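What follows is a single structure, written as C-alpha cells, with notes after it.
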Amino acid sequence: MSIKAIVTDIEGTTSAVSFVFDVLFPYAAKHLPDFVRQNAERADVAEQLDAVRRDSNAPQAEVERVVEILLSWIEEDRKATPLKALQGMVWAQGYHAGQLKGHVYPDAVEALQRWHAAGYQLFVYSSGSIQAQKLIFGCSEAGDLTPLFDGFFDTTSGPKREAQSYTNIQQAIGVEPEEILFLSDIVEELDAAQSAGLQTCGLAREGGELGSHIAVDTFSGIEPEAF
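Shown next as C-alpha cells:
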C-alpha cells in the first residue's frame, strides 16, 4: 500500500527550533502582557483567559494574575492550548506588521512543493496552534506556503506523544493508517505515530539516530514512494 498523505511536525523538522525559542517565544513574552490587557474584553481573548483560569484552578484571577500565569507557562514551555491560542494572536500582529517572518528550511520548501505537485496530501501536526502554524507557513521567508497544505492539526487532536492523537488525525484525513507518513524530530512522537499504524521518518538534522525509525538529515532524503 503506497503513501497518500504526509503529516509533518514543525519545530526541528520543517523549521529551526531556534526560530521558535529565540524569536517567537521572546516576541510573545514581550508583547503578550499588553495584548491581554488591551484586549481582555474581546470575545475570543476573553474565552482563552477563562480557559487559563480554569486550567490553573484560579477561577477568580484578575487579568494581571492571568498575565503572570501565562508568562510562567511561556517560561516552562507548557503545551497549554489557551496559551498557544493567545500566542498565535500576538504573533499574528507581528507577522502582519512585518516584524516576523516564518523560518522554513529551504530543503523542506522544495520537498513540500514537489510532493504537492506529485499529488500527495500534505498536513501539519504541531503543538503550536493551527493559527500559529498558518502564520509560520503563510508569512514565511519563502512566501505563502499555506496553499501546499490540505489541513492543519494541533493539540486539540490530542497530545503529540499519544497514539490516540494519530488515530484521530488518520480518521480526519480519511485514509488507512499505513498510507500516512509522519515526519518529526522527536522519537516519542514517532513511536506514538507508529503505534497508531502510521509510517514514520525522523528528521535528525544534526545527525544521529531516532530510535528504530528511518532517519534523514534533510527533506531531500525522504522518498515517500519508498515507504
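Taking the working numbering, the leading residue of the sequence shown gets -2, the next gets one more, and so forth. All residues carry an ideal CB built from backbone N, CA and C; glycine is no exception. Computed from a predicted model, the values in this text were never measured in an experiment.
Does DSSP put phenylalanine 146 in a helix, a strand or coil?
coil
Quick one: measure Cβ to Cβ for leucine 21 and tryptophan 88, integer angstroms, because I've assumed they're closer than 8 Å.
Contact holds; Cβ gap of about 6 Å.
Can you pull the DSSP bridge partners for glutamate 8?
Ser12
Label glutamate 8 either buried or exposed according to how many other C-beta atoms from any shown protein chain fall within 10 Å of its C-beta, with 16 as the threshold for buried.
Under this definition glutamate 8 is a buried residue.
I need the straight-line Cα distance from valine 14 to asparagine 36, nearest angstrom please.
29 Å
What does DSSP give as the partner residues of leucine 207 in its beta bridges?
His210
Which residues does DSSP list as the beta-bridge partners of phenylalanine 120?
DSSP output for phenylalanine 120 lists Val4, Gly148 as bridge partner(s).
According to DSSP, is threonine 225 part of a helix, a strand, or is it coil?
Outside the shown range of the chain, which is -2 to 224, sits residue 225, and nothing can be said about it.
Based on DSSP bridge pairs, tell me the residues matched to glycine 140.
Ser137
Starting from phenylalanine 32, follow the alpha helix (DSSP H) in both directions and report where the run begins and ends.
22 to 36
Below 8 Å CB to CB, which residues in the same chain sit around serine 12 once its five sequence neighbours on both sides are set aside?
Gly99, His100, Val101, Tyr102, Ala105, Ile133
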